[in-house]
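Asks: Chains as they are written, first to last, in numbering that gives the first Met the number 0: chain Z, 0 to 322; chain X, 0 to 336.
Just so it is clear, CB atoms sit at the ideal spot from N, CA and C, and this is done for glycine as well.
Note that the structure is predicted; figures quoted are calculated from it, not measured.
My questions all concern the structure below.
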Amino acid sequence: MPPLALPELSVVVPLYNEEESVGPLVDAVREALAGQPAWELVLVDDGSRDSTAQVAGALAAADPRVVLLQLARNYGQTQAMQAGFDRANGRIVVSMDGDLQNDPRDIPLVVAKLEEGFDLVAGYRMRRQDKIVTRKIPSWVANRMIIWLTGVRIRDNGCSLKAYRRDLLDQLHLYSDMHRFLPALAAATANARIAEVPVRHHARRFGVSKYGLTRVAKLLADLLTIKMIASFRESPLAMFGLGALLSGLIATGFLSAWLWSFVDRGASADPSPMNAYVFPGSALLCIALAVFLTMLGLIAEEALQKVRAEEQLERFGAREVHA
Amino acid sequence: MTEIAAREHASTRLSRGGVHAEVTVIVTVVERPEPLDELYREYAAVLESCGRSYEFIFVAHPFFREMLEPLLALARDGAPVRTIESPRSIGETALLRMGLAESRGSIVVTVPAYRQVQPSAIRELLAAVDGGVDLAVARRWPRVDARVNRLQHLALHLTAGRLANGTLHDVACGVRAARRDVLQDIPLYGDFARFLPLLAIYNGYNVVEVASEQHASDLASRVYRPGVYVRRLIDILGLYFLLRFTEKPLRFFGLIGAVLAGVGGVALLVMFVQRLLGQPLGDRPLLLLAVLLATLGVQAIALGLVGEMIVHFNASRRRSYRLREPRTPGSESARSS
Numbered sequence: 000m001p002p003l004a005l006p007e008l009s010v011v012v013p014l015y016n017e018e019e020s021v022g023p024l025v026d027a028v029r030e031a032l033a034g035q036p037a038w039e040l041v042l043v044d045d046g047s048r049d050s051t052a053q054v055a056g057a058l059a060a061a062d063p064r065v066v067l068l069q070l071a072r073n074y075g076q077t078q079a080m081q082a083g084f085d086r087a088n089g090r091i092v093v094s095m096d097g098d099l100q101n102d103p104r105d106i107p108l109v110v111a112k113l114e115e116g117f118d119l120v121a122g123y124r125m126r127r128q129d130k131i132v133t134r135k136i137p138s139w140v141a142n143r144m145i146i147w148l149t150g151v152r153i154r155d156n157g158c159s160l161k162a163y164r165r166d167l168l169d170q171l172h173l174y175s176d177m178h179r180f181l182p183a184l185a186a187a188t189a190n191a192r193i194a195e196v197p198v199r200h201h202a203r204r205f206g207v208s209k210y211g212l213t214r215v216a217k218l219l220a221d222l223l224t225i226k227m228i229a230s231f232r233e234s235p236l237a238m239f240g241l242g243a244l245l246s247g248l249i250a251t252g253f254l255s256a257w258l259w260s261f262v263d264r265g266a267s268a269d270p271s272p273m274n275a276y277v278f279p280g281s282a283l284l285c286i287a288l289a290v291f292l293t294m295l296g297l298i299a300e301e302a303l304q305k306v307r308a309e310e311q312l313e314r315f316g317a318r319e320v321h322a
Numbered sequence: 000m001t002e003i004a005a006r007e008h009a010s011t012r013l014s015r016g017g018v019h020a021e022v023t024v025i026v027t028v029v030e031r032p033e034p035l036d037e038l039y040r041e042y043a044a045v046l047e048s049c050g051r052s053y054e055f056i057f058v059a060h061p062f063f064r065e066m067l068e069p070l071l072a073l074a075r076d077g078a079p080v081r082t083i084e085s086p087r088s089i090g091e092t093a094l095l096r097m098g099l100a101e102s103r104g105s106i107v108v109t110v111p112a113y114r115q116v117q118p119s120a121i122r123e124l125l126a127a128v129d130g131g132v133d134l135a136v137a138r139r140w141p142r143v144d145a146r147v148n149r150l151q152h153l154a155l156h157l158t159a160g161r162l163a164n165g166t167l168h169d170v171a172c173g174v175r176a177a178r179r180d181v182l183q184d185i186p187l188y189g190d191f192a193r194f195l196p197l198l199a200i201y202n203g204y205n206v207v208e209v210a211s212e213q214h215a216s217d218l219a220s221r222v223y224r225p226g227v228y229v230r231r232l233i234d235i236l237g238l239y240f241l242l243r244f245t246e247k248p249l250r251f252f253g254l255i256g257a258v259l260a261g262v263g264g265v266a267l268l269v270m271f272v273q274r275l276l277g278q279p280l281g282d283r284p285l286l287l288l289a290v291l292l293a294t295l296g297v298q299a300i301a302l303g304l305v306g307e308m309i310v311h312f313n314a315s316r317r318r319s320y321r322l323r324e325p326r327t328p329g330s331e332s333a334r335s336s
């Protein structure tokens, strides 16, 4: 039981070079949460190069409900969010963008949905106000791929306005750029119950957008990672075993083609001497790959044995307390 | 673990002088040392003129055991000098950490056992640290040494220096000053001590270069054995991976793998289509190359996935960010007393 002085609701906002937005943002949050019980606003300055930290610092000094965390350098949105989550005291935590594209008036909406019995509520942007080619289309493709790969039906993974239960956040540890896949990660690793609500979306008022088309390659790598975590986190060896099996099948295919060439040769006028090594060589390469993947799977099991055992113990313990 | 054991075996000699030192100077004696007592006198004179209380810790590789003899004599005469001799053959990083564990000053100055800059440089370094900089590093500027050295310097700058996004210009200069808690916070292992400023930036610390006059004994041209260059290259590769891809190994291995598997895959596809059009596949050596590329690519991606798996499961125990703490001038001195 948390002491009564702690806020019910924590709003976490990562900020990077948002000196113009932060003032209106804090005002808007204050206005939107006027009717709510105890709340706190955790601003996380992600090593901004402008005066975001000073502006936010002044706001935090003026209102005890506003807290400013400063990261030592520019780490990225994921790390800023994790820092905010680590600091947030509320039983419910809401995250949102610092660029005023999310509307703080939607916070009560997502919180109300969460209270219906979900662990995570994700907003999806209605009538999204962004550039079509560089933002909307890549985002649509990414969301489709995330749904297809992970089976977690979230329409808009890129929308930062989300609400979480504290218990869920305690089980998640964000790194790299994983905040974008938070719902998928939560479903895969913590069996979270997830819901969606439509939220408002405004065009950018200040500053410039911090994304670009160059993200696609990174996104693909991250998607592959998410897929692996979603499907094989309990059994890394199974994943590599499957790969090895596939590779072995291809090797068998090459060997069959090789054997077939003996049968076929009767018809062919001039049998090429290369037939003697191209197919067997390809088959051997695939067999080598199968062996490599199997060994890699074993090494992965070995390397992860201890942490996975500890993690399972932690989870088991947590569930017991819960019951 | 081994380091603690090493420290216990190390011959540590305490002197009365350095108990209340503000500044600890750690000298790692691991390559081309110059007479250490002279080094001590030069630096001590500068610290004396700054009006600082100080102590010196010389941490020596066992190969240079004899070099410590004159220092023992100095310590017997009451100079604030301690010597630590590593029992095993260990690298500069481990020596530095042994020295750090013994240090008592709230500011630590690291100096190599050879002269790179004029000793007076540490006056400006200390002033920078006093002014709120987390780590101040000397930069030999202007460079007046042999052309061979400058060429090597350029090579290092274009590789390792790049990782600092243009903020560092002399990564190889070992004369540095920092708050002790900063140095203790930066995870140091392997051969990364020489890239300390880069690791400091990576951990969100404020690093500043101070242009310092190059010392006369640093001017002669130096050419190392080929093995040294190979080791350095491996170090830089490791550093590059550490600073850029620790949390996202698949982006590194995945890119390599995607290129390899992509080329192989396209070749396979083309040959497959040609096979359908009637050209036999069995007598085309290109098939071997394509399969080789594809398997190599899959291997690289698989390695990246193992890396991601390890990162994922260790995420809870890794610090992925560091908060900037408001500096409280009183706290550090309270801790060190």
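Using a Cβ-Cβ distance cut-off of 8 Å, determine whether P284/X contacts chain Z.
Replies: Closer than 8 Å: yes.
Asks: Looking at chain Z, is there any beta carbon in it that lies within less than 8 Å of the beta carbon of R321/X?
Replies: Closer than 8 Å: yes.
Asks: Give the C-beta separation of T92/X and Y188/X to the nearest angstrom, bearing in mind that I take them to be a contact with Cβ-Cβ under 8 Å.
Replies: Contact holds; Cβ gap of about 6 Å.
Asks: DSSP three-state label for A229/Z, please.
Replies: It is helical.
Asks: For M308/X, count neighbouring C-beta atoms within 10 Å of its own C-beta (all shown protein chains included) and say buried if the count is 16 or more, exposed if not.
Replies: With 16 or more Cβ atoms within 10 Å of its Cβ, M308/X is classed as buried.
Asks: At a CB-CB cut-off below 9 Å, which residues of chain X make contact with H200/Z?
Replies: Ordered by position in chain X, no residue passes the 9 Å Cβ test against H200/Z, which lies about 28 Å from the chain.
Asks: Identify whether H200/Z lies in helix, strand or coil by the three-state DSSP scheme.
Replies: H200/Z falls in the strand class under three-state DSSP.
Asks: Which residues share a DSSP beta bridge with K161/Z?
Replies: BP columns for K161/Z point to S94/Z, A121/Z.
Asks: Any idea what DSSP makes of L13/X, helix, strand or coil?
Replies: With a pLDDT of 42 at L13/X, under the threshold of 50, the predicted position of this residue should be treated as unreliable, though the coordinate-derived value follows. L13/X: coil per DSSP, three-state reduction.
Asks: Could you name the residues of the same chain whose beta carbon sits closer than 7 Å to that of L67/Z, not counting the 5 residues immediately before and after it, in chain order?
Replies: Within the same chain, L67/Z has close Cβ partners L42, D44, A55, G56, A59.
Asks: Would you list, in sequence order, the uninterrupted beta strand (DSSP E) runs of no fewer than 3 residues that lie entirely inside the segment 59-127 of chain X?
Replies: Within the segment 59-127 of chain X, the complete beta strand (DSSP E) runs of at least 3 residues are 80-84, 106-111.
Asks: Quick one: Cα of V110/Z to Cα of V310/X, how far?
Replies: C-alpha separation (whole angstroms): 32 Å.
Asks: Please name the residues in the segment 78-107 of chain Z whose beta-carbon is closer than 8 Å to at least one beta-carbon of chain X, in chain order.
Replies: Here the close residues are Q78, A79, Q81, A82.
Asks: Beta-carbon of G280/Z versus every beta-carbon of chain X: anything under 8 Å?
Replies: So yes, G280/Z belongs to the interface.
Asks: What does a CB cutoff of less than 8 Å around L303/Z pick up in its chain, not counting 5 residues either side in sequence?
Replies: Here the set comprises P235.
Asks: Less than 6 Å between C-beta atoms, sequence neighbours within five positions excluded: which residues of the same chain meet that for E153/Z?
Replies: Sequence check: residue 153/Z is Ile here, not Glu. For I153/Z, where only same-chain residues beyond five positions count, the Cβ hits under 6 Å are A121, P182.
Asks: Give the interface partners of N313/X over in chain Z, defined as CB-CB distance under 8 Å, in chain order.
Replies: What N313/X touches in chain Z: V306.
Asks: Identify the contact partners of M227/Z in chain X, using a Cβ-Cβ distance below 8 Å as the criterion.
Replies: Correct list: L304, E307, M308.
Asks: So, at 8 Å on beta carbons, what are the nonlocal neighbours of V132/X in its own chain, with the 5 sequence-adjacent residues on each side left out?
Replies: Answer for V132/X: N205, V206, V207, listed in chain order.
Asks: Kindly list, in the order they appear in chain X, the residues whose Cβ is closer than 8 Å to that of G247/Z.
Replies: The contacting residues do not exist; G247/Z stays about 12 Å from chain X at best.
Asks: Using CA atoms only, rank isn't needed, just tell me which of V21/Z, R29/Z, H201/Z, V290/Z is closest to G242/Z.
Replies: Looking at the Cα atoms, V290/Z is the closest of the given residues.
Asks: List, in order along the chain, the chain X residues whose C-beta lies closer than 8 Å to that of E298/Z?
Replies: Just to set this straight, residue 298/Z is Ile in the shown sequence, not Glu. What I298/Z touches in chain X: V305.
Asks: First and last residue of the alpha helix (DSSP H) that includes L341/X?
Replies: The first residue shown for chain X is 0 and the last is 336, placing residue 341/X beyond what the model contains.
Asks: Taking 6 Å as the limit between beta carbons, can you name the residues of its chain near G98/X, skipping five residues before and five after?
Replies: Contacts found: I25, I56, V58.
Asks: Please tell me whether G281/X has its Cβ less than 8 Å away from any Cβ of chain Z.
Replies: Yes, because at least one Cβ of chain Z sits closer than 8 Å to the Cβ of G281/X.
Asks: For E21/X, I'd like the list of residues in its chain whose CB is within less than 8 Å of its CB, leaving aside the five on either flank, ordered along the chain.
Replies: Once the five neighbours on either side are set aside, the close Cβ partners of E21/X are R51, S52, Y53, G104, S105, I106.
Asks: With a Cβ-Cβ cutoff of 8 Å, do A260/X and G303/X count as a contact?
Replies: Not a contact, by the Cβ cut-off of 8 Å.
Asks: Closest to R87/X by C-alpha separation, out of V108/X, L268/X, F63/X, would be which residue?
Replies: Nearest C-alpha to R87/X: F63/X.
Asks: Examine chain X for any beta-carbon lying closer than 8 Å to the beta-carbon of T224/Z, and answer yes or no.
Replies: Judged by the 8 Å Cβ criterion, T224/Z is in contact with chain X.
Asks: Measuring only between beta-carbons, confirm whether V297/X sits less than 8 Å from chain Z.
Replies: Yes, V297/X counts as interfacial toward chain Z.
Asks: Straight-line CA distance for D85/Z to A308/Z?
Replies: Spanning the two alpha carbons is a distance of roughly 24 Å.
Asks: Between V272/X, Q213/X, E324/X, D36/X, which has its C-alpha nearest E65/X's C-alpha?
Replies: The shortest Cα separation from E65/X among V272/X, Q213/X, E324/X, D36/X belongs to D36/X.
Asks: Tell me, please, whether the segment 216-236 of chain X touches the segment 181-196 of chain Z by the rule of three or more beta-carbon pairs shorter than 8 Å.
Replies: No, the segment 216-236 of chain X is not in contact with the segment 181-196 of chain Z.
Asks: Let's see if you can read the secondary structure: which residues bound the beta strand (DSSP E) around W38/Z?
Replies: Here the beta strand (DSSP E) through W38/Z covers 38-44.
Asks: What's the gap between the Cα of A216/Z and the Cα of F240/X?
Replies: Looking at the two C-alpha atoms, the distance is approximately 18 Å.
Asks: Report buried or exposed for E17/Z, applying the criterion of at least 16 other Cβ atoms within 10 angstroms of its Cβ.
Replies: So E17/Z ends up on the buried side.
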